[in-house]
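First up is the structure itself, then whatever we jot down about it.
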Amino acid sequence: MHNRVQRPLVLAGYAIALAAVAGVLAQALTRLIFLVTHLAFFGRFSVAPVSPSDHHLGIFVVAIPMLGGLIIGLMARYGSKAIRGHGIPEAMEQVLTNQSRIPPRITFLKPLSAAISIGTGGPFGAEGPIIATGSALGSWLGQVRPMSAIERKTLLAAGAAAGMAATFGSPISAILLAVELLLFEYRARSLVPVALAATVATAIHSAFQGSEAVFPMPELAPPSSASLVFYVAMGAVLGLASIAVTKAIYFVEDAFENLPISWVWWPALGGIAVGLVGYVAPRTLGVGYTNIEDLVAGRLALPAILVLCSFKFVSWAISLGSGTSGGTLAPLLTLGGGLGAILGSLAIAAAPGLGVDVRIAALVGMAALFAGASRALLASMVFAFEATRQPHGILPLLGGCTASFMVSSMFMKNSIMTEKIVRRGVRVLSDYSADHLDQIPLKTWLVGRTRPVVTLDGDALLVDVAGAFDGHNHSGFPVVDGAGELIGVLTRRELTPPTNAETVRVRDRITRPAIVIYDDCSLRDAADCMAWERIGRLPIVARTNPLQVVGILTRSDLLEAHIERLEDHRRPAAEPAIVPETATALPAA
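Numbering (numbering that gives the first Met the number 0), first residue to last: 0 to 588.
This is how it looks when you write it as structure tokens:
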């Protein structure tokens, strides 16, 4: 079987096997979190679902998160610092800087540290560590098998998608999250394995936990036009809130950086804050998925929502800023759902005729805050729908999340996922577009270009042609035979005649086959060929007759193509073309 067909099939097979393992690991991690919670808060051995908010420890509850933070700090010190944080930014960094190579030990240390952190009351979701575990597993598989960096990245993203799908049973949003935050591309070669992995992991989720909605909601009425306007406006407010939340998280992280003690002890300090907040507001302890369910179902009163959101934010910000291990999705969903419910309640009290539903407001709020903070717009919208299965929430979600995304993009350069790695000097892609060069076939590019191809007669004497092309600024010349067919390419340096060799012909100087490009290829194919072969001029030949030169492509031609792309961005009012912000012109001397 041809490699072009075989490799995608092999990668798809790896992705399916990876998803099966990641799906089981996700269920195992969930139960490990329950086990740690039972041991830490109730002193019993069980893996049944449990919430730490039901404890009866009183003030002694403060010690539980502190001890958990102490263990995390020691694990990071003697295991790997990579277990710190919420997982996705660390995976992004490995994709962008280390050819998607994640140390294999993270596959074991990350879920264990997360189970300890969340099981001892950490206000995080299990999804971040599970996503990180899946991505580490995919990266490990890509390292033990002979693969390219692109294929390894695909398996890393497939593992991450499998982790999210296995947690929430949300395959489409898992695929979109992988595309928006990890793949940095939308191509069949990477999308197919990721989609297969999400499908398999969702099937495993259904086998263990059923196929019901993760956050069930009562049936909703279709939103009115007036309420849609409110949800969009509310999304813009949540966009501002996402900026504030992101800034606050990194403000706390910077504050810990300035402490005069080793980072090993920071999670323990964060644990003290978690314990104190948990003593006052027990609902803030642990994963808190039931809080999200209560918000979107409309079961919480406004005072309870205010207490939950304010204390949850304080606990989460301090704990995450301290460098412990845990996810951001569940806290963002809780905060966003609470803010949405608060704004919806105020709108109902002020203008009952708008037709605002506080449950839809909570649904839009939780997705909009995540969309603004993470910049994963499509994943945020689709996740909220998949998690609740409410079709009447789609339009409010579309408007609210888009408004939040727009406001966040306008006023905040980096997201909660990228700020940390950008500070380390990593450049993160935020806008994806089709490759301009890939859209231009060489046949199209040749149309209207009447520049003649300067060729050399292979049978001519070298001494006769050595100085004949001094008027041209070309660095290389195609060599043809008497029938005009290509036999090689010579550079200007190779045209220098050897001493006492007046009988040497041009064809005698050819030492390697000519590198050519077919006219039905694209400018991107040609640019890649020139870069790989390290040549500055590339003969273009007809597919029907590979020995017929129909044109020459140079590096200057590629620059001209990019100039055309910039011209496409020129505004109508005769303004200069848009160029990167880093480009500037020095003042004249």
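Each residue gets a CB set at the ideal place from its N, CA and C atoms; glycine is no exception.
{"query": "Tell me which residue opens and which closes the alpha helix (DSSP H) that arginine 188 is part of.", "result": "187-208"}
{"query": "Between methionine 163 and leucine 181, is the Cβ-Cβ spacing less than 8 angstroms?", "result": "no"}
{"query": "Quick one: using the 10 Å Cβ neighbour count with 16 as the cut-off for buried, is glutamate 179 buried or exposed?", "result": "buried"}
{"query": "In chain order, what residues of the same chain lie with their CB nearer than 8 angstroms to the CB of isoleucine 341, ignoring the 5 residues before and after it?", "result": "Leu301, Ile304, Leu305, Cys308"}
{"query": "To which residues does DSSP link phenylalanine 592 through a beta bridge?", "result": "Shown here, the chain extends from 0 to 588; a query on residue 592 therefore has no answer."}
{"query": "Quick check: what's the CA-CA separation for alanine 587 versus methionine 91?", "result": "Confidence at alanine 587 is low in this model, with a pLDDT of 48, below 50, so the placement of that residue should be treated as unreliable; the coordinate-derived value is given next. The straight-line gap from Cα to Cα measures roughly 42 angstroms."}
{"query": "Compare the C-alpha of glycine 42 against each of Thr119, Arg554, Ala243, Ala316 and name the closest.", "result": "Thr119"}
{"query": "Considering only the alpha carbon of each residue, which of Ser99, Pro215, Pro390, Ser408 lies closest to glycine 158?", "result": "Ser99"}
{"query": "Compare the Cα-Cα distances from arginine 151 to each of Ala114, Gly133, Thr166, Ala378 and report the closest residue.", "result": "Gly133"}
{"query": "State the DSSP-derived secondary structure class of glycine 424, mapped to helix, strand or coil.", "result": "coil"}
{"query": "Considering threonine 153, what are the terminal residues of the alpha helix (DSSP H) in which it resides?", "result": "148-167"}
{"query": "Is there a C-beta anywhere in chain B that falls below 8 angstroms from the one on threonine 289?", "result": "Here there is only one protein chain, and chain B is not present."}
{"query": "To the nearest angstrom, how far is the alpha carbon of aspartate 458 from that of leucine 485?", "result": "12 angstroms"}
{"query": "Rounded to whole angstroms, what's the CA-CA distance from valine 363 to valine 236? Just pull it up for me.", "result": "11 angstroms"}
{"query": "Going by C-alpha to C-alpha distance, which of Val505, Glu493, Thr495 sits closest to glycine 481?", "result": "Val505"}
{"query": "What residue range does the beta strand (DSSP E) around glycine 550 cover?", "result": "548-553"}
{"query": "Using only CA atoms, which one of Leu155, Phe214, Leu436, Glu566 lies nearest to alanine 361?", "result": "Phe214"}
{"query": "For my contact list, leucine 460 and arginine 508 are in at a C-beta cut-off of 8 angstroms; report their separation, rounded to the angstrom.", "result": "Not confirmed; about 11 angstroms, so no contact."}
{"query": "Could you check which residue in Phe312, Ile551, Leu56 has the C-alpha nearest to that of proline 451?", "result": "Ile551"}
{"query": "With DSSP collapsed to three states, give me the class of serine 324.", "result": "strand"}
{"query": "Alpha carbon to alpha carbon, what distance is there between alanine 433 and glutamate 563?", "result": "15 angstroms"}
{"query": "Taking the beta strand (DSSP E) that arginine 536 belongs to, which residues open and close that run?", "result": "536-540"}
{"query": "Measure the Cβ-Cβ separation of alanine 165 and alanine 383 and say whether it is below 8 angstroms.", "result": "no"}
{"query": "Roughly how many angstroms separate the alpha carbons of glutamate 126 and proline 192, rounded to a whole number?", "result": "20 angstroms"}
{"query": "Expressed to the nearest angstrom, what Euclidean distance is found between the alpha-carbon atoms of valine 35 and glycine 121?", "result": "12 angstroms"}
{"query": "Can you list, in chain order, the residues of its chain whose CB lies under 6 angstroms from that of glycine 339, leaving out five sequence neighbours each side?", "result": "Ala360, Ala361, Val363, Gly364"}
{"query": "Considering only residues of the stretch 360-447, which uninterrupted alpha helix (DSSP H) runs meet the minimum length of 4 residues and lie entirely inside it, listed in chain order?", "result": "376-387, 393-410, 418-422, 441-445"}
{"query": "Is methionine 65 closer than 8 angstroms to isoleucine 271 when the C-beta atoms are compared?", "result": "yes"}
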